[in-house]
Structures are given as structure tokens and as C-alpha cells.
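J.: Protein sequence lines correspond, in order, to chains A and B. Throughout the first sequence, residue numbering follows the working numbering, covering 3 to 144 in sequence. Throughout the second sequence, residue numbering follows the working numbering, covering 690 to 1471 in sequence. Where a beta carbon is used, it is the ideal one built from N, C-alpha and C, also for glycine. Just passing along the structure, written as C-alpha cells.
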Amino acid sequence: MAELLLIARVAGRRIAFPAAAVEAVVELEGITPVPRAAGHVAGLSALRSRVLTVIDALASLEFGRSAGLREAIVVPSDGHTYALMVEEVEDVVEADAPSGPVKAPLGPGWDRVATGMVEAEGELILLVDPHLLIAGPAAHAA
Amino acid sequence: MDELINDFIAETRDMLQALAGAIVAWEAHPGDRERLDEIFRFVHTVKGNCGFFDLPRLAVLSHAAEGALAEVRAGSREADTRLVNAVLAVIDRIGELVLALETGEALASEDDEQLIAALATEAEAETAVPALEPAPPSAEPEQRKSLRSIRLSVDLLDRMMNGVSDAVLARNELARRLRDAPRNVEIEAAFERVSGCIAEIRDGITRTRMQRIDSLFAGLPRLVRDLAADLGKQVVLEADGGDVELDREMIEMIRDPLTHIVRNAIDHGIESAGERAAAGKKPAGTLRVSARQAGNQILIEVADDGRGIDGEALVRKARSAGLISAEQAEKMTAAQKTALVFMPSLSTAQEVTAISGRGVGMDVVRANIERIGGVVDVDSRASQGVRLCIRVPLTLTIIPALTVSAGGQIFAIPRSAIDEILRVGGGTVRIDRVGEAEIATIRNRRVPLIGLAGLLGVEPGAARDDQKLILLKPAGGDVYALAVDSVHDHEELVVKPAAPAVMAAGLYAGTTLADDGSPILLLDPSGLANCAGIRFDESELEALLAPVAAAEAARETTLLLFRTFEGARRAVPVALVERIEDVPAASVRRSAGKLRVALGERILPLAGCEQAPREGKLRILRLTDGVSELAYGFAEVIDIRAVILDVQPAPAPGEVGGVALIDGEQVETLDPYWLFAAYGDTGQGEGIDQPVCALPEGDPWMDNMLRPMIESLGYRVVAAREGIVADIWIQSSGEEEAAGAGGKVLRIRSQPDDAGDDSIYRYDRAGLLSALSGAAKGRANG
Chain A
3 MAELLLIARV AGRRIAFPAA AVEAVVELEG ITPVPRAAGH VAGLSALRSR VLTVIDALAS
63 LEFGRSAGLR EAIVVPSDGH TYALMVEEVE DVVEADAPSG PVKAPLGPGW DRVATGMVEA
123 EGELILLVDP HLLIAGPAAH AA
Chain B
690 MDELINDFIA ETRDMLQALA GAIVAWEAHP GDRERLDEIF RFVHTVKGNC GFFDLPRLAV
750 LSHAAEGALA EVRAGSREAD TRLVNAVLAV IDRIGELVLA LETGEALASE DDEQLIAALA
810 TEAEAETAVP ALEPAPPSAE PEQRKSLRSI RLSVDLLDRM MNGVSDAVLA RNELARRLRD
870 APRNVEIEAA FERVSGCIAE IRDGITRTRM QRIDSLFAGL PRLVRDLAAD LGKQVVLEAD
930 GGDVELDREM IEMIRDPLTH IVRNAIDHGI ESAGERAAAG KKPAGTLRVS ARQAGNQILI
990 EVADDGRGID GEALVRKARS AGLISAEQAE KMTAAQKTAL VFMPSLSTAQ EVTAISGRGV
1050 GMDVVRANIE RIGGVVDVDS RASQGVRLCI RVPLTLTIIP ALTVSAGGQI FAIPRSAIDE
1110 ILRVGGGTVR IDRVGEAEIA TIRNRRVPLI GLAGLLGVEP GAARDDQKLI LLKPAGGDVY
1170 ALAVDSVHDH EELVVKPAAP AVMAAGLYAG TTLADDGSPI LLLDPSGLAN CAGIRFDESE
1230 LEALLAPVAA AEAARETTLL LFRTFEGARR AVPVALVERI EDVPAASVRR SAGKLRVALG
1290 ERILPLAGCE QAPREGKLRI LRLTDGVSEL AYGFAEVIDI RAVILDVQPA PAPGEVGGVA
1350 LIDGEQVETL DPYWLFAAYG DTGQGEGIDQ PVCALPEGDP WMDNMLRPMI ESLGYRVVAA
1410 REGIVADIWI QSSGEEEAAG AGGKVLRIRS QPDDAGDDSI YRYDRAGLLS ALSGAAKGRA
1470 NG
């Protein structure tokens, strides 16, 4: 069976996350800021009795900060649960073909988080590892 | 050991269950070799295990059955019906014995010899025993009421715990919606029931997370043996208190620090046999590890009888490392010098050894203990040994905390680190700006001040004068004041670790959820101090000197102000309040002549209410005198204030001891002494006839530190003057005898080193308590 992809929009681009890494898509209700945390940490939110660490995908790419976003994908990673704020969640689709490497430079930000590209719905889409977005820019530098 | 026995019981029972089929099959076909082997293995295993546990009856039975079965296996004997029956009878008896072991009851049937004799061959049996009578089956059902146990995976327990947390939050949300909706008595009643069920389940699940500390101690004998052998020392380990229960996560968190302390004690503390002999000690050193529960804390003590910590060497090291000045070194007491062992990058070991010198020092041990909200204290006596005491909260997940706000956001602070809460504009606090730093002067004591909002980089929501100061003492030292916009409430919070990206900020200890389901960050008091750049060397020393500084402060009491059901403003010393809790009205009953409230598995006498509330919740203060507890119902908390009390006594003894002026309003102060005497389950009512303790006047240490302790033991404290009669006289070591009538004299010295006059060191709490309570008892009996 072909890989399932969750298509979302970040920084105006369509990107694909492996659907297996995503637990749910939620509408965030209120974000508690975490003063002095890393820049890509937008704050905390709650999903039932769990605390979600909200990650600003835009800030993780070092493209600035998002404002007023509500939609997020829930990604469990290393024992904690994260909510990755994106501009829009489109749909879950099947990949038309297995993913392959991108042989051109993707530009700053994208280079760090992309794992390849994948064809779906007749279009080439950048495949992004949500865990790398969660780790944030500092982890890459270290 | 008990743990192992339980394992043995569970294992044997599992095997018996699995064997049931084999037994039936073997009965039908005695020639079935496979079944025979299976049964043989069972009795063989049981035999092996019982040798280990010293269970003679089981051992004899299984040995006999094994012998008979071995003969069959070797082909020297036929498995006839007689033998099969006999073996089955033995196996049944093993099952009964194991069950009896589990329930702790004695097993009635004593005819083991008959069973064993029945195993004998027919020829041997000729001369022996009457035919075997089957055990009376009627005994069976009663025995089945045993405490049954099963083994569960920890994962499953964690999932259940999460599920219950979910349920609690869902309940809270439903409660909120119900409050907003039009009243419907039937729905509310149903909700109350659900609510009660959930609370009960949570209690149960929480208990499943508890584990005996045995499992922590189990590895110590081997560790001690190996270390001692490596170092060529002789060490005797004494472990005590293994039945104390602790959250199993907590046990894991303590494992490494404890191992490290034990390594240190054997490596650096206990001397070689030769050295010990030269010092006139037994050649074998003793290492005592003990655990006990005290309130909602667990105390773990590791004591050795080695050479002790060389305080002077520590001071020299700290001096040469530039951590303290000569002046500071001069002023330090022995205890303060010993406490230097916790400073980073100090180790007294002459050279790094393979055992404990791996760059991990006592500072790391302390940091690890503090991370879980614990405290480490050290007490050392030259050439007598070192006693390290670890105090940790009972559970990792639920901690008492204070919620505060800064810049419009709510944060929680672990209550264990809070010393005192003060109002900035209250006159007790003076704030000076020194360069860019702020220093708060609170009753002659200067502490660095951190503005929480400023530290977090948010706009403060209140001017400095309207803010509250929280005097924080992160475990181990570093007293500082934290300015917050406002203080909200004391709460018991379920804390979970935060994501690494959040922890990286260095300010937070975890996250928790408020009643309305929104996340709250738990602040890490030592992290805040580090982030604010409060310098360790000075503030730490200040903390070390704190007992002296505190003693100079005026006599002030921290009070919890609250409103009673009748609307009266009352106050009670915070030190007496164990916690504030909401209990369902249904748990309050008038029983055995008093109102009582059921809390979990305990029943506490309830004061402060005339009658049981009919519905809803009752808010109670749980007051403790250190021994017994009682509940005091009240309507709402007003504030927590530190004030110099000037109480006008009430005309007659009663619940209210007097009235004081706080913030220009009359506040009735509870008389905890009367309350405990009247309501407490002391059983004897002896308290009314109060023993008297005479205390020298004008000694700040005695007034501030000793007096509350003496009073908590039920003494009435009077000033030591001529002509008064007291049961016990307190006296500073080296001072002249007070001229008083009757009673025993208790000398207290300010230095830990023995003064040779049976005095007790002032911080030897256990020694003081036992001397004081001994005197009280002496009176009760006399």
C-alpha cells in the first residue's frame, strides 16, 4: 500500500507529513505562553488531560512567527506530545510513488527539515519530518 | 524478603494453575511420561524455593513427592493409582500451604506425615499408616477469601493513571458547565455520585503506583560487598525500614543518588581495618541505611561510622578555589563547613579513585534530589562518622503548590521551597535598588529580590508596591525573594514533565493542568535563581548563615486568615496546617458523639462546624500537631500573612484563644492547643493538665525555633524565673543552673561537638524530641 500523507500548508507552501507520525489534527483552544523558552515554542495547550507543547512551524523554519493560527497537527515524539501549528491542514492522501531525494538546494529552513519529495495528486510535494520541525533550529546548530 | 516471598507465592500459584490440566491427564494415564515430567519439575522447583525461604513443611512434602516421582522416572517404580493419588494429595497440600502463607493464616490440617507415608511403596506401606482420607472439602471456600494478587505491566498502570486524570478533568469541566446551567437536582445528585466514584478510582490507582522501598535496598548488600572487597575494607550493612512505600518513579529517581552516597561512604568515609583499629574502633565499619515516613515525606538516612567529613579541608579547598573569602571562612560554623561538601567542584578525596571519583560529586547528588522536590542534609562528626539524610515527597506526580500570577499568566511554585509570603507595601519589607539589583530587607535579613515578570520578560501586572514577595528557599539554600503580581491559592497539582524545549529554558520544573483544563507551568525555584544570576557563593553562604540571621528577627508568626461559616475572620498558624482540602458533604457524619470526616481511609474529628452540611462540598483545614490530625471546616481563605502577633486573650479557654489586630481588623486566633485537647483523638484528655516548660528569656534561638517545637509537644512555655514550678527547664550549656523548683533540666549546646555535660546539640531534633517527650511522659505517669 502506498504511503499515506497529510498535506498541510506552511509558509504558503504545500508540504507533506508522513501520516503515520501524526496522531490527530486539532483546533487549538488557547495557548499558554512559555516565557523564555526556545523561539519556536509557541506555548502550551491542552488536549483532554494531556499538555501539548505547541510548536510554531514558521518559527522553526526561521521564517518569522505565526500569528492567530488555530489549526495544528498532534505529533507524539520522544514521550511528549506536540502540536505543530500550520496555516492549513488540507487532507490525507495516498502517495502516487515512493518518495525520493531532492537534488536541488531547498533554501534555508526547508533544507533542515525536509527528508525528500513525494508525488501526490499529480504534484510534487516536499516531504517534511515533523520531528525535525519540533526539534527547532537550535538543535540543528548544536 | 517479603517481596521475594510474594513472588514465590505468585509463581507457585501460577504453576499450580498451569499444572491442573497435567494432573488430570496424569491421573487418567499414569504412564504418560510428559505429564510425569511436568509434575516432577513442579515439585522440584517448589523444593528448591522452599530451601531458600525456610519453609520446612513445604520442603518436606515436595522432597518426598520428588523422591517418589524420581523413582518412577528412573523406572524402578510403577505409577499405580495409589501413588498417583498420594502425589496429587501432596500437590493439593502444597497449594493449601501456599494459600495459607499468602493469607497469613495457619493451616489446620497437620497430617503431612500421612501424606508422605502414602507415597511409600506398597511393600513399605504394609506396616504403616491407615489409608489416606481425603481432606475435608468444606474448608476450601473460606480459604479462598485470601488477598489475591496479580501481576500487571507498569505500562498498563500508567495508561490507567492517564485515563483517570482524563476522567478527573472531564468531571471538572462538567462541574463547571453544571454550575452555569439551570439547576437540576437529579442531575446534580447523579453527578455527585460519578464524582465520588472517580475520586475513589483515583485513590486506588495512586496506591498501585506505590512500591516498597525494599526494591531500592535490595541491591545494596551486593554493592557494599563488592565495594568493600575492591577497597580491602570491612563493612557491615544494616538496612532498615524497607516496608516504607514510595511512588515507584520516585524510587527510580533516588536510586542513583543513594548508590552514590553509599559509594562515597565506603570509599571516603569508612577507614581501612588497620586505621580503624588505630582509632580504637571495631575493624569492620558499619553502614546503616534506613527509611521512614514522616508526614508526607520520606526520610532516607545513610549513616557510617567512618572518619567523618573534614570541614577544614573543605574550607581550604573552597578558599583556594576562590569560592569563599577568608572572612567568610572565619565566620563559618562546623555545620556550615560540612555543608560545603555540596558545593560544585569540591571533593575531599586526596586523589580520584575508581569508585566515586568520577567527576560526579555530592553537588550532583543534591541537584538530583532537589529536582524531585527533595532535600539533602549532612551531619558529620570527626572520627565518628557522617549522617546524610535525604527527604523526598511521597509522590512525584502530585505536589502541593502555590499558584501565583505574573504578567497576567498563572504559574505554580512547589510549596516545599516556600518559606514565607509577604506583602511588599506592608512595612515589614524594604526594597533597595543597588546598581541594577534589588535587595529586599525583611526583618534584618537581606535577600536578593527577583521580579518574576521581569525575569520572564513579560510586563508586570502590578506596581512593585502592590506585589507580593515569596521568600523562596530552594532545597539546600540560596534564600531569595520572588516578586509576583498576586498570590492565588494552595493546590495539589498533578505534575508532568515538560517537553525538552520547555525544560531548556531552565526555569520550569514541569507542567500541570488547572481545574479549567488550561496548562500551568510549574516554576523551578533553583532554576529561577540561576537564571537571574544570583551568585552561588554569596547567597549560598548567606543561606548557610541563615539560622543565625533568622534568630535575630523579631518574633513573627505566619498565619492563615480565613472566614468561618458564620462569617467570622479567624487565623491559624500556617505551620499547623497540613493542607486545605475539599471533601464531599457525604463524608461528614456525627459518629461516636462527635462530628467526624472520612478522608480516604482515615477518620478525623471535625471542628469548626456545628452540624454536618447537607449537600455539596465542605472545605476543611487539616491541622496537625505532629502526631494527631483534625479537620476544621471553614468557608473561605482570606490571605496568608506574617505578623507580629499581639493577642488579647479570650476570657475563657475555648476554640478561639484570643483576638488580634491584623490590617486594622479584628481577627480571632484559633487556640490549636485547645482544639487538639478538645477534639483530637488523644484518647486520654491528658492535655488539659498541661506540662510546663521553663525557657530562658531573651534567647532568640530559643524563642523562635525551640519554643514552637516545645509547644507542639503540648507544653505550656513559661519564662524561666525564680520561684516558678516547671516540669522541664531548658538551659544553655555552660550557663549557670537556673534556680527553679522541681522538674528535669535539659541542657542545650550550640556546637555539635560533645561538651561532656549530657547536653543536646540544638539541631539534634530527634534528641531534643525524645528528651522533651520523655519528660512529658514522666509527668503523665507520675
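#1: Name the residue from B:A864, B:L1141, B:R952 whose alpha carbon lies nearest to the alpha carbon of B:M1051.
#2: Could you name the residues of the same chain whose beta carbon sits closer than 8 angstroms to that of B:G1206, not counting the 5 residues immediately before and after it, in chain order?
#3: Against chain A, which members of the region 929–943 of chain B pass a CB distance test of less than 7 angstroms?
#4: Quick check: the Cα distance between B:A1028 and B:L976, rounded to an integer number of angstroms?
#5: Would you say A:A23 and A:V56 are within 8 angstroms of each other, going by their C-beta atoms?
#6: Measuring straight from C-alpha to C-alpha, what distance separates B:R1104 and B:E1267?
#7: Could you check if B:K970 is buried or exposed, using at least 16 other CB atoms within 10 Å of its CB as the buried criterion?
#8: Starting from the C-beta of B:I1292, find all residues in its chain whose C-beta is less than 6 angstroms away, skip the five residues before and the five after it, and write them out in chain order.
#9: Please determine if the region 923–939 of chain B and the region 890–902 of chain B are in contact, where contact requires at least 3 C-beta pairs separated by less than 8 angstroms.
#10: In three-state DSSP terms, what is B:A1366?
#11: Under the rule that 16 or more other beta-carbon atoms within 10 Å means buried, what is B:N873, buried or exposed?
#12: B:L1210 to B:I1139, Cα distance in whole Å?
#13: For the pair the region 913–924 of chain B and the region 946–963 of chain B, tell me if three or more CB-CB distances fall below 8 angstroms.
#14: Can you look up A:G66 in the DSSP assignment and give me helix, strand or coil?
#15: Beta carbon of B:D1174, beta carbon of B:G1150: below 8 angstroms?
#16: Can you name the start and end residues of the alpha helix (DSSP H) that B:R1291 belongs to?
#17: Since B:A665 meets chain A, which of its residues come closer than 9 angstroms, beta carbon to beta carbon?
#18: Just the Cα atoms here: how many angstroms apart are B:S1045 and B:P946?
#19: Return the chain-ordered ranges of every alpha helix (DSSP H) run that is complete within the region 1070–1119 of chain B and spans a minimum of 4 residues.
#20: CB B:S979 to CB B:D929, shorter than 8 angstroms?
#21: Given a threshold of 16 other Cβ atoms within 10 Å of its Cβ, counted over all protein chains shown, does B:R782 qualify as buried or as exposed?
#22: Could you compute how far the alpha carbon of B:A1015 sits from the alpha carbon of B:K1006?
#23: At least one CB of chain A closer than 8 angstroms to the CB of B:Q1156: is that the case?
#24: From the DSSP secondary-structure annotation, give me the bridge partner or partners of A:W112.
#25: Is B:A789 close to chain A? Criterion is C-beta to C-beta, closer than 8 angstroms.
#26: Using the beta-carbon of each residue, which ones in chain A are nearer than 9 angstroms to B:D855?
#27: Alpha carbon to alpha carbon, what distance is there between B:S1215 and B:P1380?
#28: With three or more beta-carbon pairs closer than 8 angstroms as the criterion, would you say the region 706–722 of chain B touches the region 57–68 of chain A?
#29: Does the region 1066–1073 of chain B come into contact with the region 1109–1128 of chain B, if we say contact requires no fewer than three beta-carbon pairs (one atom in each stretch) closer than 8 angstroms?
#30: Under 7 angstroms Cβ-Cβ, which residues of chain A neighbour B:P1208?
#31: From the beta carbon of B:A1188, is the nearest beta carbon of chain A less than 8 angstroms away?
#32: Please confirm if B:T1042 has its CB atom under 8 angstroms from at least one CB of chain A.
#33: Buried or exposed: which applies to A:P37, given that a residue is buried once 16 or more other Cβ atoms fall within 10 Å of its Cβ?
#34: Indicate the three-state DSSP secondary structure (helix, strand or coil) for B:D1121 in the structure shown.
#35: Closest to B:Q1337 by CA distance: which of B:D1328, B:I1327, B:V1348 is it?
#36: Hey, A:R11 and A:E89 are a contact pair by Cβ (cut 8 angstroms); roughly how many whole angstroms apart?
T.: Once the coordinates are examined:
#1: Position 362 of the second sequence, counting from 1, holds the residue named residue 1051 of chain B. Answer by Cα proximity: B:R952.
#2: The residue labelled residue 1206 of chain B in the question sits at position 517 within the second sequence. In the same chain as B:G1206, and ignoring 5 residues on each side of it, the C-beta atoms closer than 8 angstroms to its own belong to L858, N861, E862, in chain order.
#3: Along the region 929–943 of chain B, there is no position whose C-beta sits under 7 angstroms from a C-beta of chain A.
#4: Taking the second sequence and counting its residues from 1, the one referred to as residue 1028 of chain B is at position 339. Taking the second sequence and counting its residues from 1, the one referred to as residue 976 of chain B is at position 287. Here the C-alpha atom of B:A1028 lies approximately 20 angstroms from the C-alpha atom of B:L976.
#5: Here residue 23 of chain A is taken as the residue at index 21 of the first sequence, counted from 1. Here residue 56 of chain A is taken as the residue at index 54 of the first sequence, counted from 1. No, they are not a contact pair.
#6: Start at 1 with the first residue of the second sequence, and residue 1104 of chain B comes out as number 415. Start at 1 with the first residue of the second sequence, and residue 1267 of chain B comes out as number 578. A straight-line Cα-Cα distance of about 11 angstroms links B:R1104 and B:E1267.
#7: Position 281 of the second sequence, counted from the start, is the residue given in the question as residue 970 of chain B. It counts as buried.
#8: Position 603 of the second sequence holds residue 1292 of chain B. Closer than 6 angstroms at the Cβ level, and outside the excluded window around B:I1292, lie R1285.
#9: The region 923–939 of chain B is in contact with the region 890–902 of chain B.
#10: Within the second sequence, residue 1366 of chain B is the residue found at index 677, counting from 1. B:A1366 sits in a helix when the DSSP states are folded into three classes.
#11: The sequence position of residue 873 of chain B within the second sequence is 184, counting from 1. Taking a 10 Å sphere around the C-beta of B:N873, we find fewer than 16 other C-beta atoms and assign the residue as exposed.
#12: Position 521 of the second sequence, counted from the start, is the residue given in the question as residue 1210 of chain B. Position 450 of the second sequence, counted from the start, is the residue given in the question as residue 1139 of chain B. Taking the CA atoms as reference points, B:L1210 sits about 18 angstroms from B:I1139.
#13: Yes, the region 913–924 of chain B is in contact with the region 946–963 of chain B.
#14: In the first sequence, the residue the question calls residue 66 of chain A occupies position 64. The answer is coil: DSSP assigns A:G66 none of H, G, I, E or B.
#15: Taking the second sequence and counting its residues from 1, the one referred to as residue 1174 of chain B is at position 485. Taking the second sequence and counting its residues from 1, the one referred to as residue 1150 of chain B is at position 461. In contact: B:D1174 and B:G1150 (Cβ atoms closer than 8 angstroms).
#16: In the second sequence, residue 1291 of chain B corresponds to position 602, counting from 1. First-last for B:R1291: 1291–1296, but that is the beta strand (DSSP E), not the alpha helix (DSSP H).
#17: Past the boundaries of the shown model lies residue 665 of chain B; chain B is included only from 690 to 1471, so the question cannot be answered.
#18: By 1-based counting over the second sequence, the position of residue 1045 of chain B is 356. By 1-based counting over the second sequence, the position of residue 946 of chain B is 257. Low confidence applies to B:S1045: its pLDDT is 45, below 50, so where it sits in the model is not reliable, and the reading given next is rough at best. For B:S1045 and B:P946, the distance between alpha carbons rounds to 12 angstroms.
#19: Scanning the region 1070–1119 of chain B for uninterrupted alpha helix (DSSP H) segments of 4 residues or longer gives nothing; none is fully contained.
#20: The residue you call residue 979 of chain B lines up with position 290 of the second sequence. The residue you call residue 929 of chain B lines up with position 240 of the second sequence. Contact: yes.
#21: Locating residue 782 of chain B in the second sequence gives position 93, counting from the first residue. Buried, by the Cβ-count rule.
#22: If you number the second sequence from 1, residue 1015 of chain B lands on position 326. If you number the second sequence from 1, residue 1006 of chain B lands on position 317. If you draw a straight line from the Cα of B:A1015 to the Cα of B:K1006, it comes to about 12 angstroms.
#23: One-based indexing of the second sequence puts residue 1156 of chain B at position 467. Closer than 8 angstroms: no.
#24: Counting from 1 along the first sequence, the entry for residue 112 of chain A is found at position 110. BP columns for A:W112 are empty, so no partner.
#25: Start at 1 with the first residue of the second sequence, and residue 789 of chain B comes out as number 100. With 8 angstroms as the cut-off, B:A789 does not count as an interface residue toward chain A.
#26: Translated into the one-based positions of the second sequence, residue 855 of chain B becomes position 166. The answer, in chain order, is R50, S51, R52.
#27: Mapped onto the second sequence, residue 1380 of chain B falls at position 691. Mapped onto the second sequence, residue 1215 of chain B falls at position 526. Pairing B:P1380 with B:S1215, the inter-Cα distance amounts to about 42 angstroms.
#28: No: the two stretches stay apart, fewer than three of their Cβ pairs being nearer than 8 angstroms.
#29: No: fewer than three Cβ pairs fall under 8 angstroms.
#30: The residue given as residue 1208 of chain B occupies position 519 in the second sequence. Within chain A, the residues near B:P1208 are T34, L46, S47, A48, V53.
#31: Within the second sequence, the letter at position 499 stands for residue 1188 of chain B. B:A1188 counts as touching chain A.
#32: Within the second sequence, residue 1042 of chain B is the residue found at index 353, counting from 1. Confidence at B:T1042 is low in this model, with a pLDDT of 45, below 50, so the placement of that residue is unreliable and no value is reported for it.
#33: Position 35 of the first sequence, counting from 1, holds the residue named residue 37 of chain A. Per the 10 Å Cβ criterion, buried.
#34: The sequence position of residue 1121 of chain B within the second sequence is 432, counting from 1. It is a strand residue.
#35: Locating residue 1337 of chain B in the second sequence gives position 648, where the first residue counts as 1. Looking at the Cα atoms, B:V1348 is the closest of the given residues.
#36: By 1-based counting over the first sequence, the position of residue 11 of chain A is 9. By 1-based counting over the first sequence, the position of residue 89 of chain A is 87. Sure, about 5 angstroms apart at Cβ, within 8 angstroms.
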